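J.:
There are 2 protein chains.
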Amino acid sequence: MGKDTRSRIVEAAMELFWLKGYTSTSIADILSRSQVNSGSLYHFFPGKQDVLLAVLEAYRDGIRAMLLEPAWEGVSDPVERVFALLAFYRRAIVETECQYGCPIGSLALELHDADPIVRERLAENFTNWVDAVEECFRAADHRFIEGTDYRGLAELALNVMEGGVMQARTYRDVAHFDRAVGQYRTFVERMMAHEAA
Amino acid sequence: MGKDTRSRIVEAAMELFWLKGYTSTSIADILSRSQVNSGSLYHFFPGKQDVLLAVLEAYRDGIRAMLLEPAWEGVSDPVERVFALLAFYRRAIVETECQYGCPIGSLALELHDADPIVRERLAENFTNWVDAVEECFRAADHRFIEGTDYRGLAELALNVMEGGVMQARTYRDVAHFDRAVGQYRTFVERMMAHEAA
DNA sequence: GTCTATAAAAGGATAGAC
DNA sequence: GTCTATCCTTTTATAGAC
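So the sequences go chain by chain: A and B.
Using our numbering, the letters of the first sequence correspond one by one to residues 8 to 204.
Using our numbering, the letters of the second sequence correspond one by one to residues 8 to 204.
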């Protein structure tokens, strides 16, 4: 049994927005990829932006199943989970021959006059990501030095990931991502300075 | 005496690509902003992408005059120059009510299938930026601990800036940028750990 | 809910006179 | 080098039968 029409649309749009960006993806692209007719799409969505909202909600609601769980498979140490998450992005970079872009980050920068509701969905995605990383660090709080800023550390992980992805794609060289993560690991380890090497 | 036509086109395109992005800026937008007619634009440029290349070259060639010199005005300490550069972006964020996006970073993420020549120009811009920051650190190399990775530290500055700008814009809150820079400052200071507070 | 056909506008680019 | 007019394609979205 095939998936329902609405899901096919969201799935196709998710992939296309990721591959080509929002503006460069036409409704016709979405229709052809999802094998849906114009009338059906506009039956479910008032317009293109509403498809985008549905996509952002799918990312938001799927962060565990699509991102965290696969990234953390077999990794139980909470601090290593942070680096496993980053390694998951590395895998995506390598698998796409350095064309990978974080779908949320790319949309956040592409959409210059994003509707407040769109920005809100983008922000939710960032927040959930940072929350997950912060939780990891807090789960290991006994290993960090006094006064460690867990939120700041988690936000920095996001910046490192987004910046690393941006550079790896621009240079078509995953080494840029690796160096970013390397610097970040150094920093995190300094925050656990009392831990044995 | 007015500027020549070609310059007006590049200037208008530079501003529009920054404000709206490449794909969302139409040739008509550029024509109307630069007060140039279609025929003139296509006299100087084969097509839209060539206007983009000229814009990226203008950023590249203008990094000192447009970015480094204003950012470093009155700042001579090389390490503080790095933070003055970041503070320059902060000013842009505040002045645009958190709508600022780094023009290079935004284009790097917006253009999914960028022509190699376009990517090359983007990469040049990143490289020059990172070079400038690395030079600052190296000019103060006696203050850093043995084995400090200056290139890595400079690349991290770029990631912090790009990530901080991305978050500040998405959340419409410069505090995200500030926290990113704060984390970065902590890291840099750890690399100068022997220096007196 | 789905289908085809099509409207209405905007897009990049060109022609050819001046 | 600049001007106006325009071609052709793509785009988002709608209409109305089934």
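Backbone N, C-alpha and C define an ideal beta-carbon position, used for all residues, glycine too.
It should be emphasised that the depicted structure is a prediction, and the values quoted were computed from it without experimental measurement.
Is the Cβ of B:Q56 closer than 8 Å to any Cβ of chain A?
T.: no
J.: Using CA coordinates, which residue listed in A:R192, A:A187, A:N132 and A:A99 is at the minimum distance from A:A61?
T.: A:N132
J.: My parser needs the alpha helix (DSSP H) runs of 4 or more residues fully inside the region 61-130 of chain B; what are they?
T.: DSSP runs (the alpha helix (DSSP H)) wholly in the region 61-130 of chain B: 76-79, 85-102 and 110-117.
J.: Within 10 angstroms of its Cβ, does A:A72 collect 16 or more other Cβ (buried), or is it exposed?
T.: By the 10 Å Cβ count, A:A72 comes out exposed.
J.: Less than 8 Å between the CB atoms is what I'm expecting for A:T177 and B:A115, so what's the real figure, rounded?
T.: 5 Å
J.: For A:V167, which residues in chain B fall below 9 Å Cβ to Cβ?
T.: L163, N166, V167 and G170
J.: Show which residues of chain A have a CB atom less than 8 Å away from the CB atom of B:F151.
T.: None at all; the shortest Cβ gap to chain A is about 13 Å.
J.: Reducing DSSP to helix, strand and coil, say where B:S31 ends up.
T.: coil
J.: Mind checking if B:A35 is an interface residue toward chain A, Cβ cutoff 8 Å exclusive?
T.: no
J.: Looking only at C-alpha atoms, which of A:I16, A:V167, A:E18 and A:H183 sits nearest to A:L93?
T.: A:V167
J.: Within 10 angstroms of the Cβ of B:Y96, are there 16 or more other Cβ atoms? Answer buried if so, exposed if not.
T.: By the 10 Å Cβ count, B:Y96 comes out buried.
J.: Where does B:Y191 land, buried or exposed, given buried means 16+ other C-beta within 10 angstroms?
T.: buried
J.: To the nearest angstrom, how far is the alpha carbon of B:V181 from that of A:R158?
T.: Computed Cα separation, rounded: 16 Å.
J.: Is there a Cβ from chain A that is less than 8 Å from the Cβ of B:Y178?
T.: True, the Cβ-Cβ gap to chain A drops below 8 Å.
J.: Which residue from B:G28, B:Y29 and B:V17 puts its Cα closest to that of B:S47?
T.: B:V17
J.: Select from B:P110, B:Y29, B:A35 and B:G81 the residue whose C-alpha is nearest the C-alpha of B:I70.
T.: B:P110
J.: So, are the CB atoms of A:V86 and A:A147 less than 8 Å apart?
T.: yes
J.: According to the Cβ coordinates, are A:R13 and A:R67 closer than 8 Å?
T.: no
J.: So, using beta-carbon positions, are B:L160 and B:M198 closer together than 8 Å?
T.: Yes.
J.: Less than 7 Å between the CB of B:F24 and some heavy atom of the ligand COA, yes or no?
T.: In the structure shown, the ligand COA is absent, as is every other ligand, since no ligand is present at all.
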